[in-house]
Every structure is written in C-alpha cells, then in structure tokens.
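Its first residue numbered 4, the sequence shown is counted upward by one per residue in the working numbering.
All residues carry an ideal CB built from backbone N, CA and C; glycine is no exception.
Here the structure is a predicted model, which is why all the values come from computation and not from measurement.
Have a look at the structure below before the remarks.
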Amino acid sequence: AHLMIAIARSWGIPTRYVSGYLNPTDPSGAPTPSNATHAWVECRLPELGWVGFDPTNQSFAGQGGKVHIAVGRDYRDVSPTRGVLQGGGESHLEVDVRIAPHT
Numbered sequence: 004a005h006l007m008i009a010i011a012r013s014w015g016i017p018t019r020y021v022s023g024y025l026n027p028t029d030p031s032g033a034p035t036p037s038n039a040t041h042a043w044v045e046c047r048l049p050e051l052g053w054v055g056f057d058p059t060n061q062s063f064a065g066q067g068g069k070v071h072i073a074v075g076r077d078y079r080d081v082s083p084t085r086g087v088l089q090g091g092g093e094s095h096l097e098v099d100v101r102i103a104p105h106t
C-alpha cells in the first residue's frame, strides 16, 4: 500500500491510506474471525471520486468486502494502538475481531 501511495502521489494523484479488516464471506451469515488489520489505498480520480485499490490482493477495494476503520496519510495516522510504556514490566496485546452482517 505504501509503495502504491508513493507512486500515485508522485504522479500528482491525491491518495490516502485506509486501514480496516477483510470481511471473509460466510454463506451462513455467521460472524467470521479477522485477526489482523489490512490496508489498502484510495485515490481521488476525476469524475469518479475516491476509488479504492487493494495492491496486496490485486483487486479494487470494493471487491471482497472490506470494513473501513481509519483513513490517513500513512500507517502512522491510523495505527490501531498507540502509547508509551515507561519503566520495567511487560505488555501483551491480544485482538479478537468478529465481523457479522448488520441486521
């Protein structure tokens, strides 16, 4: 995503970094696990507006069901957690995300 952003911006195309989750489809409609965030790119194209591209999966971001969480210039603008740890000790972060259709 960052490479595509750099190339598009060098061509003068307004571009933003989008962070979220992939929404794997489950035919039963049951919640599906998504344990890691995913990133894709949105470019502002004349006459079309913001169009999403997923360079990792070689697809348009509108394909494959993606859940937007945050939008920014790059990863630093949209990191899901941020903080400062001073002194000794340990930390552990565990994430469990379930995606289900809105009813």
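Thinking C-beta only, is residue j closer than 8 Å to residue i?
i: Y24; j: Y78; result: no
i: G55; j: F63; result: yes
i: S22; j: A103; result: no
i: N26; j: V98; result: no
Where does residue i sit, in a helix, a strand or coil, going by DSSP?
i: A4; result: coil
i: S13; result: helix
i: H41; result: strand
i: G55; result: strand
Starting from residue i, follow the alpha helix (DSSP H) in both directions and report where the run begins and ends.
i: R79; result: Y78 to V81
Hey, quick one: how far does the beta strand (DSSP E) through residue i stretch, first residue to last?
i: T18; result: T18 to L25
Would you grab the beta carbon distance between residue i and residue j for me? Rounded to a whole angstrom, and I think it's under 8 Å.
i: V143; j: P58; result: Nothing can be reported for residue 143: it is not among the residues displayed for the chain, which extend from 4 to 106.
i: T18; j: P83; result: Not a contact, Cβ separation roughly 21 Å.
Please determine whether the Cβ atom of residue i lies at a distance below 7 Å from any heavy atom of the ligand MN.
i: D77; result: Looking for the ligand MN in the displayed structure turns up nothing, as the structure carries no ligands at all.
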